[in-house]
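Position in the sequence shown (from 1) plus 9 gives the number in the numbering used here.
Even for Gly, the Cβ is constructed at its ideal location relative to N, Cα and C.
The structure appears right after this line, and notes come after that.
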Amino acid sequence: MHTVDYFVLIVYLAGIFLVGLFLSTKNKSTSDMFAAGGESPWWTSGLSSFMTMFSAGTFVVWGGIAYRLGLVAVVINLCYGVAAILVGYFVAGHWKRLGVRTPAEFIELRFGASAVQFYTWAMMVFRIVGVAVSLYSLSIVLVAMMPLPEGNPLRDPATGNLSLEWAIVIFGGIVVIYTMAGGLWAVLMTDVLQFIVLNLAVIFIVPLAFGSVGGVGAFIERAPEGFFALTSERYTVFFLLGWVVIHFFMIGAEWAFAQRFICVSSERDAKKSCYLFGGLYLFSPLLWLLPPMIYRTIDPNADPQQAYILSCRAVLPAGMVGLMVAAMFSATASMVSSQLNVFAGVLTDEFYRRLFKPAASDRHLMRVGRGFTVALGAVLIGVSLLIPYLGGAEKVVVAVTSLMVGPLLAPTIWGLFSKRVSLRAIWVTVAVSFVCGLILKIGLGEDGFLVNTLTQPLADWSQANGTLVDLIVGVVVPVGILSVLHLTQRQTASGWLRVERQVSEVISAGKVTEASSLPAIIVGGCLLVCAVLMFGLIPFNDSGHGILATFGSVLLLLGGGIFLTLKLQCKEI
């Protein structure tokens, strides 16, 4: 990167940090810190959900798959959009109707205190591994762009660039600090800003990348055979169907997403936020993943994990590369900060307050919540440092998601709709799925303890079809168990009655919250600052003036449009 790229990167990250510090003044209670006071606009929640699914892992893991296999990577990501729209129709409104502050509060009502403790620790392990992969992926991208002089203590002697370990520690630390200060408001605001900047940058990259290879026709002609197939040997139609089901459970029940449905002002807004999330995921993956696909025809021997950022570096003018790297950092920061916020909230409310200080004041609990944010951040950074020893990013993402999402989250979805399933459903689903996974993935794995003459054919099949086995354990087994329990249990679970009483109390209280205009003001102001920054980069480039001017103009129009809309709304009131 050029000096001006580093300048843009520092300015952008400083701006994100300042937004978090400013929003710390808005946190007057734990409801503000962990649920945004129920005042988040639906579009803010929807864009935040979108960015929570999105991270540098999108560029490193799926960008690497797009570079190697082509269009199948786009199809896999479209599955998120299908799942989100289904969640919007069936699930999102239910979360808001409950009137709870956190998803853990529903788990306790529906299944009891022991279920909350289990979910808190199990989900924390699952999500910390997933988020650690994202932080690791981000660092892979950044170190490739940051050469350092000899003698710099942060330099990796083998590459001459910023050390991967230091990148993880530094960038992870920045996210922990602004999440600790700003709470969910900081997460939501920075999500919206980085969504706009990141996607606008990607829109500019695609035509430039096509131009670098001679146009769309030349790209299609030079692409490897089978590059535009919708499936592959590993990522089959069955995998895609299973991926939709897995992410229906994930988006519908995973706590960071459920928090987005809770923090809006109404059931209708919860649904709208999820439809926005899903709709964006039905077309945007093609935009993100085209650059590494195009780069395959430029350099077929590149490192797949770095294909995306290499394509950016090849076509973007000085300054915009720094903005792109900053936006990729922000995308990962979104995922990391979302998980830190939701689990800090759960540990504060369901663990510390319940077990140690039931009468603690809101101010005291906010301090404790910030302490948990720092502690979780330290664990997250530690796990990120271990990812290379776990088989790499792609293997960890696919295996962990396939094996753990269904068994952990499917019972929550069932609990929202079925009055028959009880706490027993959680224990049976998790236990049976765990045993099946242990047998198929470890017992019958290479040199597994169950491999013998009789089991060798099954072991060979299991090893040759690892992705299908993951889906059987992660989808078929939990769905089958919950279906059987629903059909065989005739009595209404006591937890269902507790939830009904809670909903009745919320309806009778008639509490109504209004969406805040603060998010629009902050986003509009930040966009105007970014626009000025883009125009300021023009003198530092010998070429690409039109790109920078166009990018700055678009940001200027978006920022001005937001303030004009707010002004018109004020006049109507």
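Proximity below 7 Å, CB of residue i to CB of residue j
i    : j    : result
I116 : V125 : yes
P294 : A316 : no
Y89  : Y290 : yes
L207 : G181 : no
V591 : I255 : Here the chain comprises residues numbered 10 to 582, so residue 591 is not present and cannot be evaluated.
L163 : L171 : yes
G251 : V484 : yes
G568 : G533 : yes
G97  : K280 : yes
I390 : I177 : yes
V184 : A342 : yes
F286 : A93  : yes
C539 : L564 : yes
V330 : D14  : yes
Run of the alpha helix (DSSP H) containing residue i, from where it starts to where it stops
i    : result
T240 : Note, T240: premise wrong, no alpha helix (DSSP H); not H, not E.
N461 : No alpha helix (DSSP H) holds N461; DSSP gives it neither H nor E.
L496 : V486 to T497
K105 : A101 to R106
F63  : Taken as a continuous stretch (DSSP letters only), F63 belongs to no alpha helix (DSSP H), as it is neither H nor E.
E230 : V225 to R231
C445 : L432 to G446
L148 : Reading the sequence as shown, one finds Ser at residue 148 and not Leu. First-last of the alpha helix (DSSP H) with S148: A122 to A153.
Y361 : Careful: Y361 lies outside any alpha helix (DSSP H) and carries neither H nor E.
Q268 : W264 to I271
E276 : E276 to Y290
T382 : D371 to L395
S320 : A316 to V324
I74  : G72 to L78
Own chain residues within Cβ distance below 7 Å of residue i, not counting five before or after
i    : result
S38  : Model confidence at S38 stands at a pLDDT of 48, short of 50, so the residue's coordinates are unreliable; what they give is reported in the following sentence. Only D371 meet the Cβ criterion.
A434 : P420, W423, L491 and L494
P326 : N550, S552, G553, I556 and L557
F258 : V414, G415, L418, A419 and I422
M62  : Y89
Q511 : L107, G108 and L118
I547 : H554, L557 and A558
Spatial neighbours of residue i in its chain, beta-carbon cut-off 6 Å, leaving aside the 5 residues before and after
i    : result
A113 : V125, V355 and E359
S513 : none
A267 : W104 and P112
P9   : Since the displayed the chain opens at 10 and closes at 582, residue 9 lies outside it and no answer follows.
G504 : R119 and F120
S241 : L78 and V81
D278 : W51
A75  : A82, L298, P301 and M302
Nearest neighbour of residue i, chosen from the options [CA to CA]
i    : options                   : result
M344 : Y304, Q203, G79 and A327  : Q203
G446 : A468, S431, G72 and L325  : A468
A502 : G534, F426 and L564       : F426
L249 : I481, L417 and C272       : I481
L395 : G452, L299, V140 and F63  : V140
F560 : Q578, L537, V444 and A131 : L537
P583 : A529, V324 and M543       : Because the chain is modelled from 10 through 582, residue 583 falls outside the range shown and cannot be assessed.
L299 : S282, G251, L217 and M375 : L217
P233 : R277, N310 and Y15        : N310
S57  : A473, R363, H373 and S346 : S346
L95  : V185, S282 and M155       : S282
G288 : G570, Y15, P548 and F59   : F59
F16  : L566, V515, M543 and I571 : M543
V70  : I214, A176 and I318       : I318
A323 : V392, F219, A368 and A369 : F219
G73  : V20, S146 and D14         : S146
R429 : L496, H11, A540 and W130  : L496
Any non-hydrogen atom of the ligand FAD within 6 Å of residue i CB
i    : result
L494 : This structure simply doesn't include the ligand FAD, nor any ligand for that matter.
Nonlocal neighbours in the same chain, by C-beta distance under 8 Å from residue i, ignoring five residues either side
i    : result
F381 : F352, A353, L356, T357 and Y361
V222 : F228, R231, I303, T306 and I307
S471 : L449, K450, L453, G454 and V478
F43  : Per-residue confidence for F43 stands at a pLDDT of 43, beneath the threshold of 50, marking its modelled position as unreliable; the derived number appears in the next sentence. Cβ neighbours of F43 beyond the five flanking positions: R110, T111, G192, L193, Q268, N350, V351, A353, G354, T357, D358 and G378.
S431 : F120, Q498, A502, S503 and G504
T168 : V152
CB contact below 7 Å: residue i versus chain D
i    : result
I571 : Considering every chain present, this structure includes no chain D. It has just one protein chain.
With three or more beta-carbon pairs closer than 8 Å as the criterion, would you say the region 243-253 touches the region 469-477? yes
Report yes or no: do the region 379-386 and the region 219-233 share at least 3 C-beta pairs separated by less than 8 Å? no
With three or more C-beta pairs closer than 8 Å as the rule, is the region 150-159 touching the region 333-343? yes
Closer than 8 Å is the cut-off here; do at least three beta carbon pairs connect the region 233-241 with the region 73-83? yes
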